[in-house]
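*Asks:* Numbering (full-length UniProt numbering), first residue to last: 1 to 607. Virtual Cβ for every residue (Gly too), placed ideally from N, Cα, C. First the structure, which I've put down as structure tokens, then a few questions once you've had a look.
Now the structure itself:
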């Protein structure tokens, strides 16, 4: 009987972006040995990966695979600071080297199904080759390499993303002290407005740590004020009637917070305004000003506009103010104008009269008799913006006033927090203008005719590939808001999310908690960090896959204090909020008439 040959295949797989790497030597027995080296070159997408500093050698295998039995045994790496390194040992006994080809195909299939976003380059080396190296195997490896390039490569594990530290180098820069006009274009029946961060025109930042602290202080005002506003509307009383109730923050405007601006024309004059889904009443500063904060654009003067009209106290619009602002309209005298008051949690406010004016969103999009607040007495640091445009659900919002034109549909894509980055606000429901990279998944908006906010049913959260277990999922609606920064979850859901995240992200040095953010790490010295993917699930199988830039909040510019950008509510019965930090690089579609909201991944640009 002819003795059978024993062939061993040893496969080293690494996610190192370097073209060369030293490999551990192996001792083999048998007549024929094939040694595969898989050198993974990063896929050229800046938004996914950048280079990684070497941190040492890895000898402990991460995963063993027996092709004969297709059994996998996971063993954790001793160092979590480097993308996982795979070492596979495959053993088979046969008499013909060519019969290895089907098993090599199985191996490749396993690798490609388990990984993505890296380009593999295969180098095959024959050791003690007896019989001669099969040409079919070489051609097969070359073919697989080419196919992998066309398939956009592979990444080391599903459920993980790589965060590049350079994403946050914008914090070291200085911002412009002026708000340059944002662009607008008309495309396929939709009006597209360029969006930027309000910080892009807030002037040079001298102390980033102090600024970020103010972000969270004002974000906490936003949360408590939104909760207060909801209670006051449901109870039917003015927010100002009770001294025990916090001053309402009815929009996303806060001192130096991360809000977004667009440029519109009001009465033929360009205005840079903040957009906010948590607000309904739009307003700008008006002359004559009893008190006005500094803004870049000239203050609107209604007396010089032939199309401006005041709104009377008896009009239905005046009666809608409580739903829009939490406060009833106040009747003026001679003439009986409708006066409004909006107070903000940081002490800012706007007071004035309701009026109507021609609003031009640009390129074929004019709104006649647009109802807005003409603010004569305004106080606060609004980043040089002229005012605000509300995208809420009440009858006074921009969305409701343009429903005949756009069908009650709008969407936005919020760019990552870089001063020069631009996103887009799309008025209209033509999805052909979107640049989403994943299919749109829709969920039902939870109806509440008394509250002009957008509520969704959060049914679950996954961290990596693990579903977070919490009893509060699906019980109460979650509000989605473009003005709130940090996502807030009921305590039971947050604790379960935190525990699972820390479990999968162990090994990095911890850092002190930062205000409402209690899960912090020290990333100083790292150029990139591999982090578990966080995905929010909603009724109807809709998903919000949080972008890699929306997982951590960088407290220190040197990355020595980086915190999970999700926080807990104080009580289980409070309404959770999905903040704008977790909405970055997402196309978020609001269909107010169909009561549906959609999510899709998109690299936000205005081009």
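Suppose contacts are defined by Cβ-Cβ distances below 8 Å. Is residue 274 in contact with residue 294 by that definition?
*Replies:* Result no, Cβ atoms of residue 274 and residue 294 do not sit closer than 8 Å.
*Asks:* Let me check one thing: in DSSP terms, what residues is residue 445 bridge-paired to?
*Replies:* Paired residue(s): 456.
*Asks:* If you run the structure through DSSP and keep just helix, strand and coil, what is residue 563?
*Replies:* Residue 563 falls in the strand class under three-state DSSP.
*Asks:* Return the bridge partner residues of residue 373 from the DSSP annotation.
*Replies:* For residue 373, which the question treats as bridged, DSSP gives the partners 283, 354.
*Asks:* Check whether the region 520-528 touches the region 502-511, counting contact only when three or more Cβ pairs, one atom from each stretch, lie closer than 8 Å.
*Replies:* The region 520-528 vs the region 502-511: in contact.
*Asks:* Looking at the structure shown, is residue 606 part of a helix, part of a strand, or coil, going by DSSP?
*Replies:* The answer is coil: DSSP assigns residue 606 none of H, G, I, E or B.
*Asks:* Could you say which of 432, 340, 535 lies nearest to residue 161 if we only look at CA atoms?
*Replies:* When each option's Cα is compared against that of residue 161, the closest is 535.
*Asks:* Where residue 599 and residue 288 are concerned, what is the direct C-alpha to C-alpha distance, given to the nearest angstrom?
*Replies:* Spanning the two alpha carbons is a distance of roughly 43 Å.
*Asks:* Do you know how far the Cα of residue 308 is from the Cα of residue 373?
*Replies:* Using only the alpha carbons, I get a separation of about 12 Å.
*Asks:* Out of 604, 285, 499, 462, which one is the CA nearest neighbour of residue 416?
*Replies:* For the residues 604, 285, 499, 462, the minimum Cα distance to residue 416 belongs to 604.
*Asks:* Please check the pair residue 609 and residue 329, which I expect to be a contact at CB under 8 Å, by giving their CB distance rounded to whole angstroms.
*Replies:* Outside the displayed span of the chain (1 to 607) sits residue 609, for which this structure offers no information.
*Asks:* How about residue 493 and residue 465: do their beta carbons lie closer than 8 Å?
*Replies:* No. Outside cutoff.
*Asks:* When we look at the beta-carbon of residue 311 and count the other beta-carbons within 10 Å, is it buried (16 or more) or exposed?
*Replies:* Classification for residue 311: buried.
*Asks:* Is residue 564 near residue 552, with beta carbons less than 8 Å apart?
*Replies:* Yes, these two residues count as a Cβ contact at 8 Å.
*Asks:* Jot down the residue ranges of each uninterrupted beta strand (DSSP E) in the region 276-323, minimum 3 residues, whole runs only, in chain order.
*Replies:* You should have 283-285.
*Asks:* Around the C-beta of residue 593, are 16 or more other C-beta atoms found within 10 angstroms, so that it is buried, or is it exposed?
*Replies:* Exposed is the call here.
*Asks:* CA-CA distance, residue 441 and residue 458?
*Replies:* Going by the C-alpha atoms only, they are around 14 Å apart.
*Asks:* Do residue 409 and residue 187 have their C-beta atoms within less than 8 Å of each other?
*Replies:* Going by C-beta atoms, residue 409 is not nearer than 8 Å to residue 187.
*Asks:* At 3 residues or longer, what runs of the beta strand (DSSP E) sit wholly inside the region 470-502?
*Replies:* Whole beta strand (DSSP E) segments, 3+ residues: 478-480, 487-489.
*Asks:* Taking only the alpha-carbon atoms, compute the straight-line gap between residue 601 and residue 331 and give it to the nearest angstrom.
*Replies:* Using only the alpha carbons, I get a separation of about 47 Å.
*Asks:* Roughly how many angstroms lie between the CA atoms of residue 518 and residue 578, to the nearest whole one?
*Replies:* If I take the Cα positions, the gap works out to 18 Å.
*Asks:* Can you give me the Cβ contacts of residue 584 inside the same chain, cut-off strictly under 6 Å, excluding the 5 residues immediately before and after it?
*Replies:* Same-chain partners within the cutoff: 414, 416, 547, 549, 550.
*Asks:* Closer than 8 Å by C-beta to residue 502: which residues in its own chain qualify, once you throw out the five before and the five after it? Chain order, please.
*Replies:* Excluding positions up to five away in sequence, the list reads 519.
*Asks:* Taking the beta strand (DSSP E) that residue 404 belongs to, which residues open and close that run?
*Replies:* Not the beta strand (DSSP E): residue 404 falls in the alpha helix (DSSP H), residues 403-406.
*Asks:* Rounded to the nearest angstrom, what separates residue 170 and residue 421 at their Cα positions?
*Replies:* Any reading at residue 170 must be qualified, since the residue scores a pLDDT of 44, below 50, and its modelled position is unreliable; the value itself is stated next. C-alpha separation (whole angstroms): 10 Å.
*Asks:* What do you reckon, are the CB atoms on residue 569 and residue 447 nearer than 8 Å?
*Replies:* No, these two residues do not count as a Cβ contact at 8 Å.
*Asks:* Provide the residue(s) that pair with residue 598 in DSSP beta bridges, ordered along the chain.
*Replies:* 442, 589.
*Asks:* State the CB to CB distance for the pair residue 276 and residue 390, rounded to an integer number of angstroms; the pair is presumed to be in contact (CB under 8 Å).
*Replies:* With a Cβ gap of about 6 Å, residue 276 and residue 390 count as contacting.
*Asks:* Determine whether the beta carbon atoms of residue 394 and residue 400 lie at a separation below 8 Å.
*Replies:* Yes. Within cutoff.
*Asks:* Go ahead and label residue 572 buried or exposed: buried means 16 or more other beta carbons lie within 10 angstroms of its beta carbon, across all protein chains shown.
*Replies:* Exposed, because fewer than 16 other Cβ atoms sit within 10 Å of the Cβ of residue 572.
*Asks:* At which residues does the beta strand (DSSP E) containing residue 516 begin and terminate?
*Replies:* First-last for residue 516: undefined, no H or E at that position.
*Asks:* When DSSP labels each residue in this structure, what does residue 343 get in the three-state scheme?
*Replies:* Reduced to three states, the DSSP call for residue 343 is strand.
*Asks:* Taking the beta carbon of residue 105 as the centre, do at least 16 other beta carbons fall within 10 Å, making it buried, or is it exposed?
*Replies:* Low per-residue confidence applies at residue 105: pLDDT is 49, beneath 50, and the placement is therefore not dependable, though the value from the model is reported in the following sentence. Exposed, by the Cβ-count rule.
*Asks:* From residue 268 to residue 595, what distance separates their C-alpha atoms?
*Replies:* Cα to Cα, the separation comes out at about 33 Å.
*Asks:* If you count every other CB in all the chains shown that lies within 10 Å of the CB of residue 352, and 16 or more means buried, which is it?
*Replies:* With 16 or more other Cβ atoms within 10 Å, it is buried.
*Asks:* Sort out for me which residues DSSP pairs residue 389 with in a bridge.
*Replies:* In DSSP, residue 389 forms a bridge with 275.
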